[in-house]
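For the sequence shown, full-length UniProt numbering begins at 1 and goes up steadily by one.
Written out below as C-alpha coordinates is the structure these notes cover.
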Amino acid sequence: MNRIPIHVERATDQERFLATDHTVWFLESPAAPTEDQLVGLPPDRRFAAHVEGADPGTYPGIYGVFPLTLAIPGPSAETRHLSCAGLTWVGVHPDHRRRGVLTAMLRHHLEQVHEDPDVHVSALHASEPAIYGRFGYGLASLEHEVTLSRGTKLTAPHLEDGAAGMTTQFVTLSDPGVTGRLRDCHLELAEPGSVVGEIEYYERIGTEFPEHLREKERLRVLFARRGGHDVGFAVFRRRQKWERARPSGELVVWALVGEPAARLALLRRLVDFDLVGAVKVGNVGVDDPLLRWVGGPRGAVDVATYDNLWIRLVDLPQALAARAWSAPCDLVVEVSDPAAPWNEGTWRIHAEEGGSATVERSTAVADLHVGVDALGSAYLGGGNVVALQRAGLVTERSPGAAVRLWRALRTDLAPAAAIGF
1 MNRIPIHVER
11 ATDQERFLAT
21 DHTVWFLESP
31 AAPTEDQLVG
41 LPPDRRFAAH
51 VEGADPGTYP
61 GIYGVFPLTL
71 AIPGPSAETR
81 HLSCAGLTWV
91 GVHPDHRRRG
101 VLTAMLRHHL
111 EQVHEDPDVH
121 VSALHASEPA
131 IYGRFGYGLA
141 SLEHEVTLSR
151 GTKLTAPHLE
161 DGAAGMTTQF
171 VTLSDPGVTG
181 RLRDCHLELA
191 EPGSVVGEIE
201 YYERIGTEFP
211 EHLREKERLR
221 VLFARRGGHD
231 VGFAVFRRRQ
241 KWERARPSGE
251 LVVWALVGEP
261 AARLALLRRL
271 VDFDLVGAVK
281 VGNVGVDDPL
291 LRWVGGPRGA
301 VDVATYDNLW
311 IRLVDLPQAL
321 AARAWSAPCD
331 LVVEVSDPAA
341 PWNEGTWRIH
351 AEEGGSATVE
361 RSTAVADLHV
371 GVDALGSAYL
381 GGGNVVALQR
391 AGLVTERSPG
401 AAVRLWRALR
411 TDLAPAAAIG
421 F
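Shown next as C-alpha coordinates:
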(Lines of atoms letter the chains of each structure in order from A and count residues from 1; the text may use other names and numbers.)
(Lines give C-alpha, C1' and ligand atoms only; values in the text may rest on other atoms or scores of the structure.)
Protein backbone atom coordinates (compact mmCIF):
# COMPACT_ATOMS: atom_id res chain seq x y z
CA MET A 1 0.00 0.00 0.00
CA ASN A 2 1.33 3.46 -0.89
CA ARG A 3 1.76 5.57 2.20
CA ILE A 4 0.06 8.97 2.21
CA PRO A 5 2.24 11.75 3.63
CA ILE A 6 1.60 12.27 7.36
CA HIS A 7 2.32 15.53 9.13
CA VAL A 8 2.32 15.84 12.94
CA GLU A 9 1.98 19.17 14.75
CA ARG A 10 0.21 20.87 17.65
CA ALA A 11 -3.48 20.02 17.86
CA THR A 12 -5.13 23.43 17.63
CA ASP A 13 -8.74 22.17 17.47
CA GLN A 14 -9.62 20.87 20.93
CA GLU A 15 -13.08 19.67 19.83
CA ARG A 16 -11.50 17.60 17.07
CA PHE A 17 -8.86 16.28 19.47
CA LEU A 18 -11.48 15.13 21.97
CA ALA A 19 -13.71 13.65 19.25
CA THR A 20 -10.78 11.52 18.11
CA ASP A 21 -10.14 10.33 21.65
CA HIS A 22 -13.79 9.33 22.07
CA THR A 23 -13.71 7.47 18.75
CA VAL A 24 -10.57 5.51 19.67
CA TRP A 25 -11.54 4.57 23.25
CA PHE A 26 -15.35 4.28 22.74
CA LEU A 27 -16.35 5.20 26.29
CA GLU A 28 -19.50 7.10 27.18
CA SER A 29 -18.88 10.74 26.28
CA PRO A 30 -19.36 13.18 29.17
CA ALA A 31 -21.61 16.18 28.68
CA ALA A 32 -19.02 18.45 30.31
CA PRO A 33 -17.37 21.20 28.23
CA THR A 34 -14.44 20.08 26.13
CA GLU A 35 -11.82 22.05 28.06
CA ASP A 36 -13.06 20.52 31.32
CA GLN A 37 -12.50 17.07 29.83
CA LEU A 38 -8.99 18.04 28.76
CA VAL A 39 -8.00 19.54 32.11
CA GLY A 40 -4.46 18.65 33.12
CA LEU A 41 -3.24 18.13 29.55
CA PRO A 42 -1.67 21.49 28.59
CA PRO A 43 -2.73 22.89 25.18
CA ASP A 44 0.91 23.01 24.07
CA ARG A 45 1.27 19.27 24.89
CA ARG A 46 -1.56 18.09 22.59
CA PHE A 47 -0.48 16.83 19.17
CA ALA A 48 -2.25 15.48 16.11
CA ALA A 49 -1.43 13.71 12.85
CA HIS A 50 -2.73 15.24 9.64
CA VAL A 51 -3.46 13.31 6.44
CA GLU A 52 -4.81 14.88 3.28
CA GLY A 53 -8.49 14.12 2.76
CA ALA A 54 -9.11 13.03 6.39
CA ASP A 55 -12.45 13.56 8.11
CA PRO A 56 -12.51 17.23 9.24
CA GLY A 57 -14.35 16.26 12.44
CA THR A 58 -11.55 14.07 13.80
CA TYR A 59 -7.78 13.73 13.49
CA PRO A 60 -6.17 10.61 11.97
CA GLY A 61 -4.15 10.30 15.19
CA ILE A 62 -3.53 12.12 18.45
CA TYR A 63 -1.19 12.03 21.42
CA GLY A 64 -0.47 14.10 24.49
CA VAL A 65 2.37 14.62 26.93
CA PHE A 66 2.08 15.11 30.67
CA PRO A 67 5.06 16.97 32.17
CA LEU A 68 6.22 14.58 34.87
CA THR A 69 8.95 14.11 37.42
CA LEU A 70 10.44 10.61 37.37
CA ALA A 71 12.09 9.38 40.58
CA ILE A 72 15.35 7.63 39.68
CA PRO A 73 18.17 6.01 41.70
CA GLY A 74 20.35 8.48 43.54
CA PRO A 75 23.50 8.05 45.64
CA SER A 76 23.36 6.20 48.99
CA ALA A 77 19.93 4.72 48.20
CA GLU A 78 18.44 8.20 47.91
CA THR A 79 16.15 9.43 45.16
CA ARG A 80 16.88 11.85 42.35
CA HIS A 81 14.17 13.66 40.40
CA LEU A 82 14.34 13.81 36.61
CA SER A 83 12.09 15.70 34.21
CA CYS A 84 10.19 13.17 32.09
CA ALA A 85 7.80 13.33 29.14
CA GLY A 86 4.74 11.25 30.02
CA LEU A 87 3.35 9.95 26.74
CA THR A 88 -0.43 9.62 26.96
CA TRP A 89 -3.72 9.95 25.04
CA VAL A 90 -2.18 8.00 22.14
CA GLY A 91 -4.77 6.95 19.60
CA VAL A 92 -5.15 6.26 15.89
CA HIS A 93 -8.53 6.71 14.22
CA PRO A 94 -9.97 3.36 12.99
CA ASP A 95 -9.91 4.62 9.37
CA HIS A 96 -6.17 5.30 9.52
CA ARG A 97 -4.78 2.21 11.21
CA ARG A 98 -1.74 0.45 9.71
CA ARG A 99 -0.84 3.43 7.54
CA GLY A 100 2.13 4.74 9.50
CA VAL A 101 0.24 7.24 11.68
CA LEU A 102 1.51 5.85 14.99
CA THR A 103 5.07 5.64 13.67
CA ALA A 104 4.89 9.27 12.54
CA MET A 105 3.55 10.41 15.93
CA LEU A 106 6.14 8.47 17.92
CA ARG A 107 8.93 9.83 15.73
CA HIS A 108 7.57 13.35 16.27
CA HIS A 109 7.40 12.77 20.04
CA LEU A 110 11.01 11.56 20.23
CA GLU A 111 12.20 14.51 18.17
CA GLN A 112 10.29 16.95 20.39
CA VAL A 113 11.85 15.46 23.53
CA HIS A 114 15.29 15.41 21.91
CA GLU A 115 15.00 19.14 21.22
CA ASP A 116 14.23 19.91 24.87
CA PRO A 117 17.55 20.35 26.73
CA ASP A 118 15.93 19.58 30.09
CA VAL A 119 14.17 16.30 29.23
CA HIS A 120 16.04 13.11 28.31
CA VAL A 121 13.50 10.38 29.07
CA SER A 122 9.99 9.44 27.94
CA ALA A 123 7.68 7.10 29.85
CA LEU A 124 4.28 5.53 29.33
CA HIS A 125 1.76 2.96 30.51
CA ALA A 126 0.98 0.67 27.60
CA SER A 127 -2.61 -0.19 26.71
CA GLU A 128 -1.25 -2.89 24.39
CA PRO A 129 2.29 -3.75 25.52
CA ALA A 130 3.36 -5.44 22.29
CA ILE A 131 3.39 -2.07 20.52
CA TYR A 132 5.93 0.12 22.25
CA GLY A 133 9.00 -2.10 22.32
CA ARG A 134 9.24 -1.45 18.58
CA PHE A 135 9.83 2.21 19.38
CA GLY A 136 12.55 1.67 21.98
CA TYR A 137 10.49 1.57 25.18
CA GLY A 138 11.61 -1.02 27.71
CA LEU A 139 9.49 -2.55 30.47
CA ALA A 140 11.08 -0.99 33.55
CA SER A 141 8.76 -2.07 36.38
CA LEU A 142 5.98 -4.48 37.31
CA GLU A 143 2.98 -4.03 39.55
CA HIS A 144 0.76 -6.31 41.59
CA GLU A 145 -2.96 -5.90 42.07
CA VAL A 146 -3.67 -7.41 45.48
CA THR A 147 -7.16 -8.24 46.69
CA LEU A 148 -7.66 -8.50 50.45
CA SER A 149 -10.71 -9.45 52.44
CA ARG A 150 -12.13 -7.13 55.04
CA GLY A 151 -10.32 -7.51 58.33
CA THR A 152 -7.15 -8.99 56.82
CA LYS A 153 -4.45 -9.13 59.48
CA LEU A 154 -1.30 -7.14 58.68
CA THR A 155 1.71 -8.25 60.73
CA ALA A 156 4.77 -6.00 61.07
CA PRO A 157 6.07 -6.16 64.66
CA HIS A 158 8.95 -3.75 64.15
CA LEU A 159 6.68 -1.06 62.67
CA GLU A 160 4.05 -1.09 65.41
CA ASP A 161 5.38 1.94 67.25
CA GLY A 162 5.67 3.94 64.02
CA ALA A 163 2.17 3.01 62.84
CA ALA A 164 0.71 3.75 66.27
CA GLY A 165 2.10 7.28 66.04
CA MET A 166 0.07 8.00 62.89
CA THR A 167 -3.33 9.60 62.60
CA THR A 168 -5.46 9.29 59.45
CA GLN A 169 -7.74 11.83 57.83
CA PHE A 170 -10.60 11.00 55.43
CA VAL A 171 -11.32 13.63 52.74
CA THR A 172 -12.69 13.86 49.20
CA LEU A 173 -10.16 14.45 46.42
CA SER A 174 -12.16 17.32 44.96
CA ASP A 175 -12.25 19.19 48.30
CA PRO A 176 -10.39 22.54 48.27
CA GLY A 177 -6.65 22.18 48.83
CA VAL A 178 -6.53 18.39 48.69
CA THR A 179 -4.84 18.10 45.29
CA GLY A 180 -2.05 20.42 46.43
CA ARG A 181 -1.48 18.36 49.57
CA LEU A 182 -1.51 15.20 47.49
CA ARG A 183 1.06 16.49 45.03
CA ASP A 184 3.38 17.87 47.74
CA CYS A 185 3.26 14.61 49.68
CA HIS A 186 3.81 12.52 46.56
CA LEU A 187 6.86 14.54 45.49
CA GLU A 188 8.41 14.36 48.96
CA LEU A 189 7.92 10.60 49.29
CA ALA A 190 8.53 9.44 45.71
CA GLU A 191 10.66 6.30 45.47
CA PRO A 192 12.65 5.29 42.35
CA GLY A 193 10.10 4.21 39.77
CA SER A 194 7.44 6.71 40.87
CA VAL A 195 6.17 9.50 38.64
CA VAL A 196 4.84 12.78 40.01
CA GLY A 197 2.70 15.09 37.89
CA GLU A 198 2.23 18.83 37.99
CA ILE A 199 -0.61 20.16 40.16
CA GLU A 200 -2.90 20.19 37.09
CA TYR A 201 -2.49 16.42 36.78
CA TYR A 202 -3.88 15.88 40.29
CA GLU A 203 -6.68 18.34 39.55
CA ARG A 204 -7.49 16.19 36.54
CA ILE A 205 -7.76 13.09 38.74
CA GLY A 206 -10.17 14.97 40.99
CA THR A 207 -12.31 16.11 38.04
CA GLU A 208 -14.97 13.40 37.77
CA PHE A 209 -18.01 13.49 35.51
CA PRO A 210 -21.44 12.02 36.26
CA GLU A 211 -21.13 9.63 33.31
CA HIS A 212 -18.08 8.01 34.96
CA LEU A 213 -19.57 7.86 38.44
CA ARG A 214 -22.59 5.65 37.92
CA GLU A 215 -23.04 3.61 41.10
CA LYS A 216 -19.67 4.90 42.36
CA GLU A 217 -18.67 7.47 44.92
CA ARG A 218 -16.24 10.26 44.20
CA LEU A 219 -12.56 9.54 44.78
CA ARG A 220 -11.58 9.73 48.42
CA VAL A 221 -8.18 10.35 49.99
CA LEU A 222 -6.98 8.96 53.27
CA PHE A 223 -3.98 10.91 54.53
CA ALA A 224 -1.54 9.49 57.08
CA ARG A 225 -0.30 12.27 59.35
CA ARG A 226 2.40 12.56 61.97
CA GLY A 227 2.95 15.71 64.00
CA GLY A 228 0.52 17.61 61.79
CA HIS A 229 2.44 16.68 58.61
CA ASP A 230 1.25 14.49 55.72
CA VAL A 231 3.50 11.40 55.53
CA GLY A 232 1.42 9.20 53.22
CA PHE A 233 -1.88 8.87 51.41
CA ALA A 234 -4.26 6.42 49.76
CA VAL A 235 -6.53 7.41 46.87
CA PHE A 236 -9.55 5.11 46.61
CA ARG A 237 -13.26 4.75 46.02
CA ARG A 238 -15.93 2.39 47.26
CA ARG A 239 -18.70 0.68 45.35
CA GLN A 240 -21.71 -0.51 47.33
CA LYS A 241 -22.83 -4.09 46.84
CA TRP A 242 -25.06 -6.52 48.75
CA GLU A 243 -25.25 -10.31 48.53
CA ARG A 244 -28.00 -12.22 50.34
CA ALA A 245 -28.74 -9.14 52.44
CA ARG A 246 -25.09 -8.97 53.56
CA PRO A 247 -22.83 -5.99 52.76
CA SER A 248 -20.13 -6.97 50.26
CA GLY A 249 -18.99 -3.68 48.82
CA GLU A 250 -15.65 -3.25 47.06
CA LEU A 251 -13.01 -0.68 47.95
CA VAL A 252 -10.51 -0.04 45.16
CA VAL A 253 -7.21 1.67 45.98
CA TRP A 254 -5.72 3.52 43.01
CA ALA A 255 -2.59 4.78 44.79
CA LEU A 256 -0.91 4.05 48.11
CA VAL A 257 2.11 6.20 48.92
CA GLY A 258 4.19 6.63 52.05
CA GLU A 259 6.96 5.30 54.25
CA PRO A 260 6.33 1.71 55.47
CA ALA A 261 4.80 2.68 58.82
CA ALA A 262 2.42 5.09 57.10
CA ARG A 263 1.45 2.48 54.52
CA LEU A 264 0.75 0.02 57.30
CA ALA A 265 -1.47 2.50 59.15
CA LEU A 266 -3.34 3.34 55.93
CA LEU A 267 -3.89 -0.29 54.95
CA ARG A 268 -5.21 -1.18 58.40
CA ARG A 269 -7.77 1.58 58.02
CA LEU A 270 -8.66 0.52 54.46
CA VAL A 271 -9.41 -3.09 55.41
CA ASP A 272 -11.68 -1.94 58.23
CA PHE A 273 -14.32 0.16 56.44
CA ASP A 274 -17.96 -0.64 57.13
CA LEU A 275 -20.07 -2.30 54.40
CA VAL A 276 -16.94 -3.46 52.50
CA GLY A 277 -16.20 -7.10 51.73
CA ALA A 278 -13.10 -6.81 49.51
CA VAL A 279 -10.24 -4.32 49.22
CA LYS A 280 -8.40 -4.26 45.91
CA VAL A 281 -5.02 -2.50 46.08
CA GLY A 282 -3.46 -1.56 42.76
CA ASN A 283 0.01 -0.25 41.88
CA VAL A 284 1.73 -2.49 44.43
CA GLY A 285 5.42 -2.73 43.57
CA VAL A 286 7.34 -6.01 43.45
CA ASP A 287 9.17 -5.30 46.72
CA ASP A 288 6.27 -3.52 48.40
CA PRO A 289 5.85 -4.90 51.96
CA LEU A 290 2.10 -5.53 51.61
CA LEU A 291 2.41 -9.20 50.62
CA ARG A 292 4.86 -9.83 53.45
CA TRP A 293 2.47 -8.24 55.94
CA VAL A 294 -0.27 -10.71 54.97
CA GLY A 295 2.05 -13.75 55.05
CA GLY A 296 2.76 -14.08 51.33
CA PRO A 297 0.64 -14.23 48.16
CA ARG A 298 -1.68 -16.90 49.58
CA GLY A 299 -2.50 -14.59 52.44
CA ALA A 300 -4.38 -12.46 49.91
CA VAL A 301 -7.63 -13.32 48.16
CA ASP A 302 -5.97 -12.79 44.79
CA VAL A 303 -2.75 -11.41 43.32
CA ALA A 304 -2.43 -10.38 39.67
CA THR A 305 0.76 -9.07 38.04
CA TYR A 306 0.91 -6.56 35.19
CA ASP A 307 3.44 -4.45 33.37
CA ASN A 308 3.74 -1.00 34.92
CA LEU A 309 6.08 1.69 33.61
CA TRP A 310 7.81 1.62 30.22
CA ILE A 311 10.92 3.80 29.91
CA ARG A 312 12.46 5.25 26.76
CA LEU A 313 15.95 6.80 26.85
CA VAL A 314 15.61 9.60 24.32
CA ASP A 315 19.01 11.19 24.90
CA LEU A 316 21.05 8.19 25.95
CA PRO A 317 24.25 9.76 27.37
CA GLN A 318 22.39 12.41 29.39
CA ALA A 319 19.83 9.92 30.71
CA LEU A 320 22.46 7.40 31.83
CA ALA A 321 24.55 10.14 33.42
CA ALA A 322 21.54 11.43 35.39
CA ARG A 323 21.11 8.39 37.65
CA ALA A 324 23.46 7.05 40.32
CA TRP A 325 25.24 3.74 39.67
CA SER A 326 25.53 0.92 42.19
CA ALA A 327 28.96 -0.44 41.25
CA PRO A 328 31.98 0.58 39.18
CA CYS A 329 31.49 0.02 35.47
CA ASP A 330 33.73 0.51 32.46
CA LEU A 331 32.18 -1.02 29.36
CA VAL A 332 31.88 -0.36 25.66
CA VAL A 333 28.31 -0.89 24.53
CA GLU A 334 26.95 -0.94 21.00
CA VAL A 335 23.40 0.43 20.97
CA SER A 336 20.82 -0.08 18.26
CA ASP A 337 18.11 2.58 18.07
CA PRO A 338 16.54 2.98 14.63
CA ALA A 339 13.76 5.25 15.96
CA ALA A 340 16.26 7.74 17.45
CA PRO A 341 19.35 7.58 15.24
CA TRP A 342 21.24 10.06 17.42
CA ASN A 343 21.55 7.25 20.00
CA GLU A 344 22.72 4.64 17.50
CA GLY A 345 26.33 3.52 17.70
CA THR A 346 29.05 2.58 20.17
CA TRP A 347 29.37 4.20 23.58
CA ARG A 348 31.82 3.88 26.44
CA ILE A 349 30.07 3.86 29.83
CA HIS A 350 32.35 4.70 32.74
CA ALA A 351 30.75 4.84 36.19
CA GLU A 352 31.98 5.05 39.75
CA GLU A 353 30.18 3.27 42.59
CA GLY A 354 27.49 5.50 44.04
CA GLY A 355 28.22 8.22 41.52
CA SER A 356 27.19 9.25 38.05
CA ALA A 357 28.44 7.88 34.75
CA THR A 358 30.17 9.49 31.82
CA VAL A 359 28.89 8.20 28.49
CA GLU A 360 30.90 9.06 25.41
CA ARG A 361 31.21 7.92 21.82
CA SER A 362 33.81 5.21 21.28
CA THR A 363 35.59 3.48 18.43
CA ALA A 364 36.61 0.53 20.60
CA VAL A 365 35.30 -3.00 20.12
CA ALA A 366 32.00 -3.37 21.98
CA ASP A 367 31.68 -5.63 25.04
CA LEU A 368 27.90 -5.78 24.70
CA HIS A 369 25.28 -5.20 22.03
CA VAL A 370 21.90 -3.93 23.28
CA GLY A 371 18.76 -2.38 21.92
CA VAL A 372 17.87 0.92 23.54
CA ASP A 373 14.77 -0.79 24.96
CA ALA A 374 17.00 -3.03 27.11
CA LEU A 375 18.67 0.02 28.64
CA GLY A 376 15.24 1.53 29.30
CA SER A 377 14.19 -1.68 30.99
CA ALA A 378 17.21 -1.61 33.32
CA TYR A 379 17.17 2.15 33.89
CA LEU A 380 15.31 2.10 37.22
CA GLY A 381 17.15 -0.98 38.50
CA GLY A 382 14.34 -3.41 37.70
CA GLY A 383 15.09 -4.92 34.27
CA ASN A 384 17.78 -7.54 34.85
CA VAL A 385 20.36 -7.24 32.04
CA VAL A 386 21.61 -10.79 32.72
CA ALA A 387 18.08 -12.14 32.35
CA LEU A 388 17.71 -10.18 29.11
CA GLN A 389 20.96 -11.68 27.86
CA ARG A 390 19.81 -15.20 28.76
CA ALA A 391 16.56 -14.50 26.92
CA GLY A 392 18.47 -13.60 23.75
CA LEU A 393 17.57 -9.91 23.92
CA VAL A 394 21.12 -8.73 24.67
CA THR A 395 24.27 -10.01 22.96
CA GLU A 396 27.43 -10.43 25.05
CA ARG A 397 30.69 -10.10 23.14
CA SER A 398 32.97 -9.98 26.17
CA PRO A 399 32.34 -12.70 28.78
CA GLY A 400 30.75 -11.28 31.92
CA ALA A 401 29.85 -7.93 30.34
CA ALA A 402 26.12 -8.35 31.03
CA VAL A 403 26.83 -9.14 34.68
CA ARG A 404 29.07 -6.08 35.07
CA LEU A 405 26.50 -3.75 33.51
CA TRP A 406 23.66 -5.19 35.58
CA ARG A 407 25.56 -4.96 38.88
CA ALA A 408 26.20 -1.30 38.15
CA LEU A 409 22.55 -0.58 37.28
CA ARG A 410 20.65 -2.67 39.82
CA THR A 411 19.17 -1.19 42.97
CA ASP A 412 18.60 -2.58 46.46
CA LEU A 413 14.84 -2.68 45.90
CA ALA A 414 12.85 -3.18 42.71
CA PRO A 415 11.30 0.03 41.34
CA ALA A 416 8.08 1.24 42.91
CA ALA A 417 4.99 0.98 40.75
CA ALA A 418 4.09 4.31 39.13
CA ILE A 419 0.60 5.77 39.18
CA GLY A 420 -1.27 5.75 35.87
CA PHE A 421 -1.22 8.72 33.53
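All C-beta atoms, glycine included, are put in the ideal place defined by N, C-alpha and C.
- In this structure, Gly136 sits near Arg312, with a CB-CB distance shorter than 8 Å.
- Here Glu52 is exposed, its C-beta having fewer than 16 other C-beta atoms within 10 Å.
- By the Cβ-count criterion, Ser326 is buried, with 16 or more other Cβ atoms from all chains shown falling within 10 Å of its own Cβ.
- Straight-line spacing of the CA atoms in Ile349 and Val235 works out to 41 Å.
- One alpha carbon belongs to Leu27, the other to Asp272, and they sit about 33 Å apart.
- Runs of the alpha helix (DSSP H) lying entirely within the region 165-253, each at least 4 residues long, are 178-189 and 199-205 in chain order.
- If you ignore the 5 residues before and after Arg80, its C-beta comes within less than 6 Å of the C-beta of Ile72 and Gly74, all in its own chain and listed in chain order.
- When the five nearest sequence neighbours on each side are left out, the beta carbons in the same chain lying within less than 6 Å of the beta carbon of Glu353 are those of Ala327 and Pro328, in order along the chain.
- Boundaries around Trp406 are those of the alpha helix (DSSP H), Ala401 to Leu409, since no beta strand (DSSP E) includes it.
- Taking the Cα positions, Arg218 is about 7 Å away from Thr172.
- Closest by C-alpha distance to Thr155, out of Gly381, Gln389, Leu291 and Gly382, is Leu291.
- Taking a C-beta distance under 8 Å as the contact criterion, Leu68 and Gly197 qualify as a contact pair.
- Closest by C-alpha distance to Trp347, out of Asp367, Gly355, Arg98 and Gly162, is Asp367.
- Closest in C-alpha terms to Arg390, from the list Trp406, Gly376 and Thr168, comes Trp406.
- Around the beta carbon of Gly400, fewer than 16 other beta carbons lie within 10 angstroms, which makes this residue exposed.
- Thr358 is bridged by DSSP to His350.
- Around the beta carbon of Glu143, 16 or more other beta carbons sit within 10 angstroms, so the residue counts as buried.
- Only exposed fits Asp412, as fewer than 16 other CB atoms lie within 10 angstroms of its CB.
- Under the 10 Å beta carbon count, Ala261 is surrounded by 16 or more other beta carbons and is classified as buried.
- When the beta-carbon positions are compared, Met166 and Arg107 stay at least 8 Å from each other.
- Nearest to Trp89 by alpha-carbon distance, out of Ala54, Asp55, Arg99 and Arg46, is Arg46.
- For Tyr132, the secondary structure class from DSSP, reduced to helix, strand or coil, is helix.
- Within the region 295-323, the beta strand (DSSP E) runs of at least 3 residues that lie entirely inside it are, in chain order, 302-307 and 310-313.
- DSSP places Ser336 inside the beta strand (DSSP E), whose first and last residues are Cys329 to Ser336.
- Check the Cα spacing between Val24 and each of Ile199, Pro33 and Pro60: the tightest is with Pro60.
- Non-local beta-carbon contacts of Ala319 in its own chain, meaning distances under 6 Å to residues more than five positions away in sequence, involve His120, Val121 and Leu313 in chain order.
- Phe17: member of the alpha helix (DSSP H) spanning Gln14 to Trp25, first to last residue.
- When Cβ pairs closer than 8 Å are counted between the two stretches, the region 125-136 is seen not to touch the region 240-260, the count staying below three.
- Inter-segment contact for the region 272-287 and the region 241-253 is present: three or more beta-carbon pairs are separated by less than 8 Å.
- Straight-line measurement puts the Cα of Glu128 at about 16 Å from the Cα of Pro94.
- With a threshold of 16 other beta carbon atoms within 10 Å, Glu396 meets it and is buried.
- The beta carbons of Ala418 and Gly64 sit no closer together than 8 Å.
- By the C-beta criterion, the region 329-346 is judged to be in contact with the region 369-385, since at least 3 inter-stretch pairs fall below 8 Å.
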